[in-house]
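The structure under discussion appears below in the form of structure tokens.
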Amino acid sequence: MTAFTLSTSARPRHLLDFQGWSRERLTALLDNADTMSQVLDRPVRKVPALQGLTVCTAFFENSTRTRVSFELAARRMSADVVSFAAGASSLSKGESLRDTVEVLTAYKVDAYVVRHHAAGAAHLVARYSGKPVINAGDGRRSHPTQALLDAYTVRQEFGTLEGLTVAIVGDVRHSRVARSNAELLPKLGAKVVLCGPATLLPEGLAALPGVTLTTDPREAVRGAHAVMALRLQQERMDAGYLASLQEYADTYQVNESLMREAESGAIALHPGPMNRDLEISSDVADGPRSRIVRQVENGQAVRMSVLYHLLVGRE
Amino acid sequence: MTQLTITNIKRPGSERLESITVENGVIQGWNLGELGEVVDGQGGTVAPALIELHAHLREPGQTEKEDLASGLAAAAAGGYGTVVSMPNTLPVVDDPATVRALIERAEGLGLARLKPAAALTKGQQGEQLAELTYLKEAGAVMFTDDGRTNENARVLRLGLEYARSLGMVVSVHAEDASLRADGVMNEGPVSEELGLPGNPAAAEAARVARDLEIVAQTGGRLHVQHLSTARALDLVREAKARGLPVTCEVCPHHLTLTDEALRSFDAIYKVAPPLRTRADADHLLKGLLDGTVDCLATDHAPHTRAEKERDLLSAPSGIAYIEIAFPLMWTRFGERLGLEKLLDLMTGAPARVMGWPEPTLEEGAPADLVVLDLGTEREVNPAEFRSKAKFTPWAGETLRGWPTLTVVHGKVAFRREG
Numbered sequence: 001m002t003a004f005t006l007s008t009s010a011r012p013r014h015l016l017d018f019q020g021w022s023r024e025r026l027t028a029l030l031d032n033a034d035t036m037s038q039v040l041d042r043p044v045r046k047v048p049a050l051q052g053l054t055v056c057t058a059f060f061e062n063s064t065r066t067r068v069s070f071e072l073a074a075r076r077m078s079a080d081v082v083s084f085a086a087g088a089s090s091l092s093k094g095e096s097l098r099d100t101v102e103v104l105t106a107y108k109v110d111a112y113v114v115r116h117h118a119a120g121a122a123h124l125v126a127r128y129s130g131k132p133v134i135n136a137g138d139g140r141r142s143h144p145t146q147a148l149l150d151a152y153t154v155r156q157e158f159g160t161l162e163g164l165t166v167a168i169v170g171d172v173r174h175s176r177v178a179r180s181n182a183e184l185l186p187k188l189g190a191k192v193v194l195c196g197p198a199t200l201l202p203e204g205l206a207a208l209p210g211v212t213l214t215t216d217p218r219e220a221v222r223g224a225h226a227v228m229a230l231r232l233q234q235e236r237m238d239a240g241y242l243a244s245l246q247e248y249a250d251t252y253q254v255n256e257s258l259m260r261e262a263e264s265g266a267i268a269l270h271p272g273p274m275n276r277d278l279e280i281s282s283d284v285a286d287g288p289r290s291r292i293v294r295q296v297e298n299g300q301a302v303r304m305s306v307l308y309h310l311l312v313g314r315e
Numbered sequence: 316m317t318q319l320t321i322t323n324i325k326r327p328g329s330e331r332l333e334s335i336t337v338e339n340g341v342i343q344g345w346n347l348g349e350l351g352e353v354v355d356g357q358g359g360t361v362a363p364a365l366i367e368l369h370a371h372l373r374e375p376g377q378t379e380k381e382d383l384a385s386g387l388a389a390a391a392a393g394g395y396g397t398v399v400s401m402p403n404t405l406p407v408v409d410d411p412a413t414v415r416a417l418i419e420r421a422e423g424l425g426l427a428r429l430k431p432a433a434a435l436t437k438g439q440q441g442e443q444l445a446e447l448t449y450l451k452e453a454g455a456v457m458f459t460d461d462g463r464t465n466e467n468a469r470v471l472r473l474g475l476e477y478a479r480s481l482g483m484v485v486s487v488h489a490e491d492a493s494l495r496a497d498g499v500m501n502e503g504p505v506s507e508e509l510g511l512p513g514n515p516a517a518a519e520a521a522r523v524a525r526d527l528e529i530v531a532q533t534g535g536r537l538h539v540q541h542l543s544t545a546r547a548l549d550l551v552r553e554a555k556a557r558g559l560p561v562t563c564e565v566c567p568h569h570l571t572l573t574d575e576a577l578r579s580f581d582a583i584y585k586v587a588p589p590l591r592t593r594a595d596a597d598h599l600l601k602g603l604l605d606g607t608v609d610c611l612a613t614d615h616a617p618h619t620r621a622e623k624e625r626d627l628l629s630a631p632s633g634i635a636y637i638e639i640a641f642p643l644m645w646t647r648f649g650e651r652l653g654l655e656k657l658l659d660l661m662t663g664a665p666a667r668v669m670g671w672p673e674p675t676l677e678e679g680a681p682a683d684l685v686v687l688d689l690g691t692e693r694e695v696n697p698a699e700f701r702s703k704a705k706f707t708p709w710a711g712e713t714l715r716g717w718p719t720l721t722v723v724h725g726k727v728a729f730r731r732e733g
């Protein structure tokens, strides 16, 4: 593991969001994901970096893809992995989040990967457990490893993030992916344009540095180097945020016509799972500009890098 | 006959040490000598006991959070002689027998005096008026569906008309539920950044505007609880200028905390209505100073620790700090408000809102008194709380103005040792 370049001094203890993460630290993390990628290309995809450590994936909200990605990342680093699913837990019997976390910590868990439906829940796990916590998505708040793998994928394409523009189109209001990207990408030198219908575009996000808002998808995409479509949940229509799914698709779908407004080499991204031909057209999702499968591949390397960053060299 | 003399006390604004004697629940007189039981006031400032118009004592039905004994002991420790309890219990206080049972139980405790509020509508469902006449006869002092938000405007209109005929106040939790939606904190840049569902200021202002129009129509006496936004306060100011019979309260937590506190993701800061912006808090303080805000109330709303250790979406709303409300206000705003004004906001003003006699320290007045140590600093230690809710946003803070002695109905209800 000598190829890895992280220093062990003054590292953030958790990855809850990007507060406290410097540009240098984030760049090093992405650099190390390159090395992790190489591990994944070897015949034996395993290194002993986390041997003897136990990582708990505590998923208080269902997710298959993210959980599998994290568990494989931990196992490829030789960690033991224990899974905790809220549905079958004492939480449904009224146990507090704190009690649950304290029990798990008593089992000598060394780090947590937390997915929860409530913003801030990963912060609470960090407070109650005293162990490193990786936020695997908390409510609408944050999904930092998704943002890191998005950044990594864009950087892979253009060699840098400096001076690039990333347009994010869809249900920004309810999207932790959008919030995390809006927090991360400007730290790495990129501009972010958030776009969606006014009901799904919280104006307050314009206060974030390097972030602009627009309800006009063509304006959003013009000059963009990457265009990310966000998943639209059908219940948004029932909740009155949208008049109809058809109207939404006709206006905000990321399709070939919209992509033509972007930079000539622009790529298309989607955090998945996709509603094909609703927020993104199949011809874009499966077309030459799409880096959606690459995002998934990169997710594992990025998560390995995050685990390494938080766990190796610590007491 | 019970006789009690408190020695070594000062009247507000005076440095002279005096004594006061009370007998059979009324003030007998000043400087009569050491008659009956003698308690050393240790140089503290004496005032009429504080009056709380808005407390959740959780009995019946949720006594794991609080009960009459713990809640009224907490109130006495906070210097309160009288507490108006909210009716959103399990079952709801919407029948005369429950009102009587609460009063009888509280009388036996020898703590703060309980004055129950009763539900305005049956089961607080907002559909059909409760038996307001019987409830008043049983001892209910106010009607409110607090905890709920009176969505049906017609029912509120009928309630105000009926209550007016009984000479009673209707108090309201003024918040439009459809605008509030699933909001758990103030809607604004902080909620949007944190990704937490927001409760817009317009939810409060829109509801206050509606209710004030109903007051104009009916002439019923409306008390708006726990105002949190600048705009809603301005609406009340305009209504008062029109001469409408409306009063309002604000809570110390809305004056001292803002939505920035939610950055901790700690559900201890989850309250309804939510903590708003610094501009709102400053505007509320201005309202206190210019008299638009009638009185202070704490909205003491205890929950179990386990409930408050949940995430922000699933944790219940409310904080409980009746024991430190006066020290908190005195420490933070004593200089701007002055002692006389602050005491009035917590004693005379609540009495006026309710139409009760003005509390005084004169001979013949009810012997509900508090002695306050205005100078000594003391750290907030929730472990010492009488309330079952042993947590507070101000834990570890150093405050001045602690009550050292609370006398209710001529008897010592609380005494701070050391």
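Line by line, the protein sequences give chains A and B.
Each residue of the first sequence is one higher than the last, beginning at 1 in this note's numbering.
Each residue of the second sequence is one higher than the last, beginning at 316 in this note's numbering.
Each residue gets a CB set at the ideal place from its N, CA and C atoms; glycine is no exception.
Minimum Cβ-Cβ distance from residue i to chain B less than 8 Å
i, result
"residue 223 of chain A", "no"
"residue 204 of chain A", "yes"
"residue 207 of chain A", "yes"
"residue 161 of chain A", "no"
"residue 20 of chain A", "no"
"residue 139 of chain A", "yes"
Chain A within 8 Å of residue i, Cβ atoms only
i, result
"residue 706 of chain B", "no"
"residue 624 of chain B", "yes"
"residue 734 of chain B", "Since the first and last residues shown for chain B are 316 and 733, residue 734 of chain B lies out of range."
"residue 504 of chain B", "yes"
"residue 621 of chain B", "yes"
Cβ neighbours of residue i in the same chain (closer than 6 Å, five flanking residues each side left out)
i, result
"residue 208 of chain A", "182"
"residue 122 of chain A", "16, 114, 133, 135 and 138"
"residue 407 of chain B", "434, 438 and 439"
"residue 214 of chain A", "195 and 220"
Neighbour-count burial assignment, residue i, 16 or more Cβ in a 10 Å radius
i, result
"residue 1 of chain A", "Per-residue confidence for residue 1 of chain A stands at a pLDDT of 41, beneath the threshold of 50, marking its modelled position as unreliable; no derived number is given."
"residue 317 of chain B", "exposed"
"residue 507 of chain B", "buried"
"residue 106 of chain A", "exposed"
"residue 46 of chain A", "exposed"
"residue 482 of chain B", "exposed"
"residue 486 of chain B", "buried"
"residue 394 of chain B", "buried"
"residue 146 of chain A", "buried"
"residue 665 of chain B", "buried"
Cross-chain neighbours of residue i in chain B, by beta carbon under 8 Å
i, result
"residue 142 of chain A", "510"
"residue 272 of chain A", "The contacting residues do not exist; residue 272 of chain A stays about 19 Å from chain B at best."
Within 8 Å, strictly: CB atoms of residue i and residue j
i, j, result
"residue 637 of chain B", "residue 613 of chain B", "yes"
"residue 23 of chain A", "residue 131 of chain A", "no"
"residue 231 of chain A", "residue 170 of chain A", "yes"
"residue 319 of chain A", "residue 510 of chain B", "One cannot answer for residue 319 of chain A here, as it falls past the ends of chain A, which runs 1 to 315."
"residue 562 of chain B", "residue 593 of chain B", "no"
"residue 417 of chain B", "residue 383 of chain B", "yes"
"residue 500 of chain B", "residue 431 of chain B", "no"
"residue 625 of chain B", "residue 582 of chain B", "yes"
"residue 554 of chain B", "residue 519 of chain B", "no"
"residue 646 of chain B", "residue 685 of chain B", "no"
"residue 33 of chain A", "residue 305 of chain A", "yes"
"residue 141 of chain A", "residue 120 of chain A", "yes"
Within chain A, the residues that residue i reaches when beta carbons sit closer than 7 Å
i, result
"residue 627 of chain B", "118, 119 and 120"
Under 9 Å from the C-beta of residue i: neighbouring residues of chain B
i, result
"residue 257 of chain A", "Result: empty, since nearest Cβ-Cβ is about 30 Å, beyond 9 Å."
"residue 176 of chain A", "510"
Interface partners of residue i on chain B, CB under 7 Å
i, result
"residue 98 of chain A", "624"
"residue 123 of chain A", "580"
"residue 179 of chain A", "510"
Nonlocal neighbours in the same chain, by C-beta distance under 8 Å from residue i, ignoring five residues either side
i, result
"residue 283 of chain A", "255 and 256"
"residue 292 of chain A", "268, 269, 270, 272, 274 and 285"
Residues of its chain near residue i, where Cβ-Cβ distance is below 7 Å and the 5 sequence neighbours each way are ignored
i, result
"residue 658 of chain B", "327 and 362"
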